[in-house]
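Residue numbers (full-length UniProt numbering): 1 to 610.
Take a look at the structure set out below.
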Amino acid sequence: MTLSPWDIGIVIAYVVGVLALGFYLSKKSSKNLESYFLGGNELPWYYLGLSNASGMFDISGTMWSVGILFVYGLKSAWLPWLWPVWNQVFVFVYLAIWMRRSNVMTGAEWITFRFGDGKGAKLSHIIIVIFAVISVLGFIAYFFEGIGKYCTAILPWDMAFEFLGYKVSSARSYALIVCGLTSLYTVKGGMHSVVATEVMQFVIMTIACIGVGIVAYTMVTPEQIATVVPETWDKLSFSWNLDLDWSNSAFPQVNEKIASDGFDLFGLLFIMMVLKGVFASIAGPVPSYDMQRVLATRTPAEAAKMSFLTVCVLYLPRYFMIIGFALLALVFLGPELTAMGDAIDFEQVLPMAINKFLPVGLKGLMLAGFLAAFMGTFAAFVNSAPAYIVNDIYKKYINPGAPDKKLVKLSIIYSLVLVMVGIIFGFNAGSLNTLILWLSSSLYGGYVAANVLKWIWWRFSGNGYFWGMLFGLIGSTVKFIFFPNYVDIFVFPLIFAFAFLGCIIGTFLEPLPNKEQVKRFYKQTNPWGFWGPIKKEVMAEDSSFVPNLDFKRDTFNIIVGIVWQMAQVVIPMYFMLRQNTEMVIWSGILILTSVLLKKYWWDNLKEIEN
Numbered sequence: 001m002t003l004s005p006w007d008i009g010i011v012i013a014y015v016v017g018v019l020a021l022g023f024y025l026s027k028k029s030s031k032n033l034e035s036y037f038l039g040g041n042e043l044p045w046y047y048l049g050l051s052n053a054s055g056m057f058d059i060s061g062t063m064w065s066v067g068i069l070f071v072y073g074l075k076s077a078w079l080p081w082l083w084p085v086w087n088q089v090f091v092f093v094y095l096a097i098w099m100r101r102s103n104v105m106t107g108a109e110w111i112t113f114r115f116g117d118g119k120g121a122k123l124s125h126i127i128i129v130i131f132a133v134i135s136v137l138g139f140i141a142y143f144f145e146g147i148g149k150y151c152t153a154i155l156p157w158d159m160a161f162e163f164l165g166y167k168v169s170s171a172r173s174y175a176l177i178v179c180g181l182t183s184l185y186t187v188k189g190g191m192h193s194v195v196a197t198e199v200m201q202f203v204i205m206t207i208a209c210i211g212v213g214i215v216a217y218t219m220v221t222p223e224q225i226a227t228v229v230p231e232t233w234d235k236l237s238f239s240w241n242l243d244l245d246w247s248n249s250a251f252p253q254v255n256e257k258i259a260s261d262g263f264d265l266f267g268l269l270f271i272m273m274v275l276k277g278v279f280a281s282i283a284g285p286v287p288s289y290d291m292q293r294v295l296a297t298r299t300p301a302e303a304a305k306m307s308f309l310t311v312c313v314l315y316l317p318r319y320f321m322i323i324g325f326a327l328l329a330l331v332f333l334g335p336e337l338t339a340m341g342d343a344i345d346f347e348q349v350l351p352m353a354i355n356k357f358l359p360v361g362l363k364g365l366m367l368a369g370f371l372a373a374f375m376g377t378f379a380a381f382v383n384s385a386p387a388y389i390v391n392d393i394y395k396k397y398i399n400p401g402a403p404d405k406k407l408v409k410l411s412i413i414y415s416l417v418l419v420m421v422g423i424i425f426g427f428n429a430g431s432l433n434t435l436i437l438w439l440s441s442s443l444y445g446g447y448v449a450a451n452v453l454k455w456i457w458w459r460f461s462g463n464g465y466f467w468g469m470l471f472g473l474i475g476s477t478v479k480f481i482f483f484p485n486y487v488d489i490f491v492f493p494l495i496f497a498f499a500f501l502g503c504i505i506g507t508f509l510e511p512l513p514n515k516e517q518v519k520r521f522y523k524q525t526n527p528w529g530f531w532g533p534i535k536k537e538v539m540a541e542d543s544s545f546v547p548n549l550d551f552k553r554d555t556f557n558i559i560v561g562i563v564w565q566m567a568q569v570v571i572p573m574y575f576m577l578r579q580n581t582e583m584v585i586w587s588g589i590l591i592l593t594s595v596l597l598k599k600y601w602w603d604n605l606k607e608i609e610n
């Protein structure tokens, strides 16, 4: 790729600015663990919301979105429900409030708050720590491999070198440099540094996204699009079967991609996505940077506002860029993509489009934006994981009376250790790829059942949580090893049922331990659900306690919120495709759902004091 001095200058200015800001704020994070990992619970919710959005704006996820939009057209708007992408709606409607009321630092510490200190609770506490640390290691390796690939594709310099007889490729050299710089300001400045730099990064990414959208809008016409895509490509609606045939289009080989994905039964896929999505969303966020942002807010109400802002600012600009890159690739990159043969590498759309279409200045801003996307996500993971080692292992089991300065120093050390171990995994990604996928699939597959019950069922115990997570891990591992060709989403009900069985068996192996702790959790968190016996005892002991009666209102707000979020995804698509009628309809839906959320959700946050 050819870069002008202006483009290079923009990238260098961004890197220098991020480092300077991170070091400037480092003193604020050196007081204690709360300052280092949670910013002392003094950061404004809107900063944390922008920071959270930046952490979710990763390069690989964006490229995946470009790829599925290229293949599935507007129907790709449904596919992020696989994650599920609307879990953030559940978080801002009620889960953020419940989580923040715990006043803890990590997801593992929350487990102790929920179940107490019994044997089962300790097993649950340990398994969450293992989950968090291994997940972060896997993601660091994943990011290391990804940023190296992208830097090699978009930067013109050959950075390969030889060290002690070992040849380090250009991709890995770039990855070492970027990961090293990101770790430097993250480890030095802690949460204050991460949030401040991520806010700046989000502004850069948003400007770059809008710039790509403008370029694509001025270069691509609806007539050009119609000549290269199948007939139903630009339709959001679907039937039981996908009915998207690329045979007579410009890219007939895309049919093989659809077949390999296993998404032809789109109606069944939609049902499974909704089923999984509801349970996975009720389970709440995994113990990573998203939960950390919730716990870092000042109050429960601000935790809800923070999560709401994350959705508000993320989708519209991001999808302007996603649809922009997809349209540019469809219309203008046909020869380059066709030359790849049957296996089109959609990840190459990004460097191809940047190099071919973006003008001087915007190209540098785009490179800085994607560098920011990587650094934001990487920094968020690096900052979140050491808390589990220092706070949940060292401070809890090894040295409860350790002074704050020592804990902060250990946090810095373990941050560096985790980065180095993750990078080692990244250097050996070829041999460890199967292991990393196994860990991710098993751990995440075993997460849902136990983490749904922990919120809504009074009898659920730490023992049940541990056995539910373990059964889920076993079920996911069996699927991954013996049935790798089955689409994960279609097997989810079986894994969920097996994990749920483990929850029930573990729970009833013994009488409910730590009943007083369960009552304390219920009174302080005040969740809705199946809390009958505990609710009666709490109300008998405290006549002023008012139980949560908001289930119906929360359910209504969740449905409205999902539609509201979906509108933010499809409006940029309809705008770029010049489908003005559909764009106006969905804009009206966005306004209507915003009004409903203002009335039935935002205004009710005033009632939440703690």
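Glycine included, every Cβ here is placed at the ideal spot set by N, Cα and C.
Looking at the DSSP output, Val-168 bridges to Phe-161. Within the same chain, Gly-211, Val-212, Val-215 and Met-366 come within 8 Å of Leu-358 by CB-CB distance, once the 5 residues on both sides are set aside. In this chain, the alpha helix (DSSP H) harbouring Met-272 covers 266-283. Residue burial annotation: Gly-277 is buried, with at least 16 other C-beta atoms found within 10 angstroms of its C-beta. Within the model, the alpha-carbon separation for Phe-530 versus Asn-463 is close to 18 Å.
The criterion of a C-beta distance shorter than 8 Å is satisfied by Leu-316 and Gln-568. Two segments are said to touch when three or more pairs of C-beta atoms, one from each, lie closer than 8 Å; by this definition the stretch 448-458 does not touch the stretch 166-175. The Cβ atoms of Leu-82 and Ile-354 lie no closer than 8 Å to each other. For the pair Trp-64 and Ser-237, the Cα-to-Cα distance works out to about 21 Å. A contact is defined here as three or more CB-CB pairs under 8 Å, and the stretch 467-485 meets this definition with respect to the stretch 493-507.
Cα atoms of Lys-519 and Lys-535: separation of roughly 8 Å, rounded to the nearest angstrom.
Per DSSP, Tyr-447 is not a residue of any alpha helix (DSSP H), being assigned neither H nor E. In the DSSP annotation of this structure, the continuous segment of the alpha helix (DSSP H) that includes Ile-589 starts and ends at 580-600.
When DSSP states are grouped into helix, strand and coil, Trp-233 belongs to the coil group. Taking C-alpha positions only, Glu-537 is separated from Gln-517 by approximately 13 Å.
Glu-198 sits buried, since 16 or more C-beta atoms from the chains shown fall within 10 Å of its C-beta. Only residues of its own chain outside the window of five on either side were considered, and among them Gly-262 have a CB closer than 7 Å to the CB of Val-487, listed in chain order. Residue range 515-525 is occupied by the alpha helix (DSSP H) that includes Tyr-522. Here Gly-334 is exposed: its Cβ has fewer than 16 other Cβ atoms, across all protein chains shown, within 10 Å. Gly-502 is a Cβ neighbour of Trp-467, given a cutoff of 8 Å.
Looking only at Ile-12, Ala-301 and Thr-62, the smallest Cα-Cα distance to Met-321 is reached by Thr-62.
For Val-478, the enclosing alpha helix (DSSP H) covers residues 462-482.
Approximately 5 Å separates the beta-carbon atoms of Ile-147 and Phe-374; this is inside 8 Å, confirming the contact. By the Cβ neighbour-count rule, Trp-240 is exposed, with fewer than 16 other Cβ atoms within 10 Å of its own. A Cβ-Cβ separation of about 17 Å leaves Val-419 out of contact with Cys-151 under the 8 Å criterion. In this model, Ala-121 and Lys-396 are separated by some 13 Å (Cα to Cα).
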